[in-house]
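Under the UniProt record's numbering, the first residue of the sequence shown carries the number 1, and numbering increases by one thereafter.
Report on the following structure.
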Amino acid sequence: MTTSTPTAPVALAAGDEMPSSQFGPLTRSHIVRYAGSGGDFNPIHHDEEFARAAGMPGVFGMGLLHGGVLAQRLTAWVGLANIRSFRIRFTGQVWPGDLLSFGGRVTGVREAGGQQVADLELVVTRQSGEPVIKGSAVVQVAR
Numbered sequence: 001m002t003t004s005t006p007t008a009p010v011a012l013a014a015g016d017e018m019p020s021s022q023f024g025p026l027t028r029s030h031i032v033r034y035a036g037s038g039g040d041f042n043p044i045h046h047d048e049e050f051a052r053a054a055g056m057p058g059v060f061g062m063g064l065l066h067g068g069v070l071a072q073r074l075t076a077w078v079g080l081a082n083i084r085s086f087r088i089r090f091t092g093q094v095w096p097g098d099l100l101s102f103g104g105r106v107t108g109v110r111e112a113g114g115q116q117v118a119d120l121e122l123v124v125t126r127q128s129g130e131p132v133i134k135g136s137a138v139v140q141v142a143r
C-alpha cells in the first residue's frame with residue numbers, strides 16, 4: 001500500500017481533527033523489533049523476570065515506540081516539511097495487549113515568523129481511554 005503525505009502547507013482551522021487511527025494490540029514482537037531498530041535493549045522491555053524485579057507487573061513498550069507512531073500519523077496528516085515543532089510527554093506505560101488510539105486537534109491558527117501556523121494538541125490513549133502520551137505540535141498551514 002502506498003500513501004502520500006502533503007508537501008505543501010495544508011488548510012487547517014481551529015477545531016479540525018487529525019484522522020483517528022489505531023495501533024495494536026501491542027505484542028512482544030513489536031517491542032523486540034523496536035529494540036532492534038531503535039537500539040533500546042534495556043531488559044525491562046523484554047525480560048519478564050527483570051521487569052518484575054524492578055517492580056513492574058511485566059515488560060512494557062518503549063515510549064518512543066508509540067511516540068514514533070504518533071509522529072508518523074502526524075506526518076501523514078500534515079506532511080513532514082510542514083512540521084515546525086513536535087513535543088511529547090509520556091504519561092503511562094504501554095503493556096502487551098494494549099490497543100492504542102492516536103488523535104489530535106487544531107487548537108488555534110496564528111501568524112508566526114511570517115508564516116501561518118496551527119497549534120495542535122496530540123494524544124495517544126489505550127483502550128481504557130487513559131492517555132499514555134500527551135503532546136503538541138506547531139505546523140505551517142496554507143493561508
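Don't be surprised by glycine CBs; every beta carbon is placed ideally from N, CA and C.
Next on the checklist: In this structure, how does DSSP classify E48 when only helix, strand and coil are distinguished?
Outcome noted: Helix at E48.
Next on the checklist: DSSP three-state label for P6, please.
Outcome noted: DSSP, reduced to helix, strand and coil, places P6 outside both helices and strands of the structure shown, so it counts as coil.
Checklist entry - According to the neighbour-count rule (16 or more other Cβ atoms, all chains shown, within 10 Å of its Cβ), is N82 buried or exposed? => result Its Cβ being crowded by 16 or more others within 10 Å, N82 is buried.
Next on the checklist: Are the CB atoms of V141 and L74 within a distance shorter than 9 Å?
Outcome noted: Contact annotation: L74 and V141 have beta-carbon atoms that are not nearer than 9 Å.
Next on the checklist: Pop quiz: V10 and G79 are said to be a contact at Cβ under 8 Å. What is the actual Cβ separation, rounded to whole angstroms?
Outcome noted: The Cβ separation is near 7 Å, so the contact holds.
Checklist entry - CB-CB under 6 Å to M1, same chain, minus the five flanking residues each way: which ones, in chain order? => result Residue placement at M1 is flagged as unreliable, the pLDDT there being 47, under the threshold of 50; the coordinate-derived value follows with that caveat. None.
Item to check | Alpha carbon of V132 to alpha carbon of R126, nearest angstrom | outcome: Computed Cα separation, rounded: 7 Å.
Item to check | Distance between G58 and E48 (C-alpha atoms, nearest Å) | outcome: C-alpha separation (whole angstroms): 5 Å.
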